[in-house]
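Student: If you use the numbering used here, the sequence shown corresponds to residues 3 to 206, in order. For glycine and all other residues, C-beta sits at the position ideal for the given N, C-alpha and C. A quick note: this is a predicted structure, and the numbers were derived from the prediction, not measured.
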Amino acid sequence: MFAGCPFKIMEQPKFVYDGKWLKMRELRFRKSDSSPEQIWESVHRQTVPTSKPDGVDVLATLHKDGKKYFILIKQYRMPMAGMCLEFPAGLIDEGETVEAAGLRELKEETGYTATKILSCTKGKQGLSPGLTDESVNFMIVEVDGNAPENKDPKQKLDDGEIIEVVLVECDRLLPYVELICSEVYVESIVYAFALGMNYAQHFM
């Protein structure tokens, strides 16, 4: 489990909390034999895929009536006690591919059906590696807003979800994020993506 770890692991990790969906682990370690013992607490999902990430985030571009929009969502997040601006995303079911999960989550959370998958990231991208081993892939898709299946998109939400679909013109993403961050939380992935787009447009 800790092959190549530069720290000295003092004992096998101990799970100090075991819930329905999550568990909390306590790990005791030292930087060297002469260093004081440290404790690292981390959170882990109960079911962890071995060969693929936990979930997928979908970066969807909607083409409609000559304009291009990013399909985002505002979702109420219990840990934040507020609404959060995010990319459509979700966990990958057992036996499901990353691509299939991304298409399913986009449809369920926004009602839109992707027309084309452009790319999907490799490996596993950590979300908050100091806190958890949770990981995702990012999938980029295009959506034809004039296609019959996307004329009147309808969500298929779970009972525990409250989600509002947000369409933002692609060249207005950063101004929109900077405006709305005083009203809702903005997922770091979305903010970083908006900053990256702005940087590419003005400095490259």
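(1) I'd like to know whether the C-beta atoms of residue 165 and residue 111 end up nearer to each other than 7 angstroms.
(2) Would the C-beta of residue 192 count as close to the ligand PLP, meaning under 6 angstroms from any of its heavy atoms?
(3) Please name the residue in 73, 56, 29, 36 whose C-alpha comes closest to that of residue 170.
(4) Tell me whether the segment 82-92 and the segment 148-159 touch, counting them as touching only if at least three CB pairs, one residue from each stretch, are closer than 8 angstroms.
(5) Could you pull the start and end residues of the alpha helix (DSSP H) that residue 174 belongs to?
(6) Identify every run of the beta strand (DSSP E) within the segment 135-193, keeping only runs that are complete inside it and at least 3 residues long; order them along the chain.
(7) Suppose contacts are defined by Cβ-Cβ distances below 7 angstroms. Is residue 143 in contact with residue 55 by that definition?
(8) What is the DSSP secondary structure of residue 112, counted as helix, strand or coil?
(9) So for residue 133, helix, strand or coil by DSSP?
(10) Would you give the residue range spanned by the beta strand (DSSP E) that residue 92 belongs to?
(11) Quick one: Cα of residue 26 to Cα of residue 106, how far?
(12) For residue 66, which residues from the same chain have a beta carbon less than 7 angstroms from its beta carbon, with the 5 sequence-adjacent residues on both sides left out?
(13) Go through its chain and collect everything with a Cβ distance to residue 123's Cβ below 7 angstroms, but skip five positions before and after it.
(14) Quick one: what does DSSP say residue 26 is sitting in, helix, strand or coil?
(15) Would residue 71 be called buried (16 or more neighbouring beta carbons within 10 Å of its own) or exposed?
Tutor: The answer reads as follows:
(1) Residue 165 sits at position 163 when you count from the first residue of the sequence shown. Residue 111 sits at position 109 when you count from the first residue of the sequence shown. Cβ distance < 7 angstroms, so residue 165 and residue 111 count as in contact.
(2) The ligand PLP is not part of the structure shown, which contains no ligands of any sort.
(3) Reading the sequence shown from its first residue, position 168 is the one you call residue 170. The candidate whose alpha carbon is nearest that of residue 170 is 73.
(4) no
(5) Counted from its first residue, the sequence shown places residue 174 at position 172. Note, residue 174: premise wrong, no alpha helix (DSSP H); not H, not E.
(6) 137-146, 165-171
(7) Working through the sequence shown from its first residue, we reach residue 143 at position 141. Working through the sequence shown from its first residue, we reach residue 55 at position 53. No, these two residues do not count as a Cβ contact at 7 angstroms.
(8) In the sequence shown, the residue the question calls residue 112 occupies position 110. Three-state DSSP puts residue 112 in a helix.
(9) Your numbering for residue 133 matches position 131 in the sequence shown. The answer is coil: DSSP assigns residue 133 none of H, G, I, E or B.
(10) For this step, residue 92 is matched to residue 90 along the sequence shown. 91-93 is the span of the beta strand (DSSP E), which, as asked, contains residue 92.
(11) By one-based count along the sequence shown, residue 26 stands at place 24. By one-based count along the sequence shown, residue 106 stands at place 104. Cα-Cα distance, rounded: 29 angstroms.
(12) Position 64 of the sequence shown, counted from the start, is the residue given in the question as residue 66. Cβ within range, chain order: 147, 148.
(13) Taking the first residue of the sequence shown as position 1, residue 123 is located at position 121. Here the set comprises 139, 140.
(14) The sequence position of residue 26 within the sequence shown is 24, counting from 1. Strand at residue 26.
(15) Looking up residue 71 in the sequence shown gives position 69. The residue is buried, with at least 16 neighbouring Cβ atoms inside 10 Å.
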